[in-house]
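Novice:
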Amino acid sequence: MGLHPAPRTRTPGHGARRRRRRRGDGPRSAARRVALPERAAAGAGLATPRFIPRTTTEQQLPGLCAGASGWLYAPASHQPTGYQGPLDLTALADFTQRLRATSPLPVACGVGISTPALAAAVAPLVDAVVIGSPIVRALTCGPTEAAALVAEFADAIRTRASGTAVRDAQEHAQHIAGGHCPRECRDTGVEPVQDDFGLAT
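Each residue of the sequence shown is one higher than the one before, counting from 860 in my numbering.
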């Protein structure tokens, strides 16, 4: 009769702790991972931020926020990631105020922040701005283009946009959504004209 190895068992969070040990004590403070139990994440020293949909009701909001740690992720748009159209900044401001009234956690905002001008307009409303798709698109042109775009986003966010900048950001996004710029601009996220910030967006 052949011998069979004993079944291997794992306690929740074993993998998270092991990966944390392998990576050392670097500057990581959180992880986005599907189905990682909150207790396991806490045991590995990782925060568990929550994505809070804009459609969340007042009744649902406390429960969603209570299960989060690190920060709350507030989408800037109802649209899928990669969206390049206009943003309703008034609605976003109302939503972030609801989050702050419910939880002391900082609010990070992403999804639809497609240009440096929009990033500057969103920045005063939140604690962190998340930029993904525009940089990924720029990377298809090369690392130099992507690095330049990252610098433009960073510079724009530091300006903490004024009311005029908010209007300009909305008009700029509508310009892109309406197809009034060359295809290569929409595909890469880099436009060859200067906006009022003096940025190539």
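Note that CB positions come from ideal geometry on N, CA and C, so glycine has one too.
Runs of 4 residues minimum, wholly inside the segment 904-982: which ones carry the alpha helix (DSSP H) assignment?
Specialist: 920-925, 948-961, 975-981
Novice: Does VAL989 come out as helix, strand or coil in the three-state DSSP assignment?
Specialist: Stepping through the sequence shown from its first residue, residue 989 is reached at position 130. Reduced to three states, the DSSP call for VAL989 is coil.
Novice: If you follow the alpha helix (DSSP H) that THR1003 is part of, which residue opens it and which one closes it?
Specialist: Translated into positions along the sequence shown, residue 1003 becomes position 144. Judged by DSSP secondary structure, THR1003 falls within the alpha helix (DSSP H) whose first and last residues are 1002-1017.
Novice: Assign GLY922 to buried or exposed, taking buried as 16 or more other Cβ atoms, counted over all protein chains shown, within 10 Å of its Cβ.
Specialist: Locating residue 922 in the sequence shown gives position 63, where the first residue counts as 1. Exposed, since its Cβ has fewer than 16 Cβ neighbours within 10 Å.
Novice: Pick out whichever of PRO993, PRO939, PRO965, VAL995 has its Cα sitting closest to the Cα of ASP986.
Specialist: Counting from one through the sequence shown, the residue named residue 986 turns up at place 127. Looking at the Cα atoms, PRO965 is the closest of the given residues.
Novice: Check the C-beta distance from LEU958 over to ILE1016 and give it rounded, since I have them as a contact under 8 Å.
Specialist: The residue you call residue 958 lines up with position 99 of the sequence shown. The residue you call residue 1016 lines up with position 157 of the sequence shown. Between ILE1016 and LEU958 the Cβ distance is about 19 Å, and since that is not below 8 Å, they are no contact.
Novice: Rounding to the nearest angstrom, what Cα-Cα distance links ALA960 and CYS1000 in this structure?
Specialist: What you label residue 960 is simply residue 101 of the sequence shown in a count that begins at 1. What you label residue 1000 is simply residue 141 of the sequence shown in a count that begins at 1. Going from the Cα of ALA960 to the Cα of CYS1000 covers about 42 Å.
Novice: Between the Cα of CYS968 and those of PHE1012, TYR932, SER992, ILE994, spot the shortest distance and give me the residue it belongs to.
Specialist: The sequence position of residue 968 within the sequence shown is 109, counting from 1. Distance check between CYS968 and each of PHE1012, TYR932, SER992, ILE994 places TYR932 closest, using alpha-carbon atoms only.
Novice: From ASP1014 to LEU895, what does the alpha carbon distance come to, in whole angstroms?
Specialist: Here the question's residue 1014 lines up with position 155 in the sequence shown. Here the question's residue 895 lines up with position 36 in the sequence shown. Each residue's alpha carbon lies about 35 Å from the other.
Novice: Would you identify the three-state DSSP class for LEU895, choosing helix, strand or coil?
Specialist: By 1-based counting over the sequence shown, the position of residue 895 is 36. If DSSP states are grouped into helix, strand and coil, LEU895 belongs with coil.
Novice: With a threshold of 8 Å, are at least 3 pairs of Cβ atoms found where one atom belongs to the segment 932-944 and the other to the segment 900-907?
Specialist: no
Novice: Whole-angstrom Cβ separation of ALA935 and LEU920, contact assumed at under 8 Å?
Specialist: Your numbering for residue 935 matches position 76 in the sequence shown. Your numbering for residue 920 matches position 61 in the sequence shown. That pair is no contact at about 18 Å.
Novice: Which value, in whole angstroms, describes the spacing of the CA atoms of ALA900 and ALA927?
Specialist: For the purposes of this step, residue 900 is taken as the residue at position 41 of the sequence shown. For the purposes of this step, residue 927 is taken as the residue at position 68 of the sequence shown. Rounded to the nearest angstrom, the two C-alpha atoms are 11 Å apart.
Novice: Taking the alpha-carbon positions, what's the GLU1004 to ARG996 distance?
Specialist: Taking the sequence shown and counting its residues from 1, one reaches residue 1004 at position 145. Taking the sequence shown and counting its residues from 1, one reaches residue 996 at position 137. Going by the C-alpha atoms only, they are around 10 Å apart.
Novice: Spatial neighbours of PHE1074 within its chain, please: CB distance less than 7 Å, with the 5 preceding and 5 following residues excluded, ordered by chain position.
Specialist: Residue 1074 is absent from the structure shown; the chain starts at 860 and stops at 1060.
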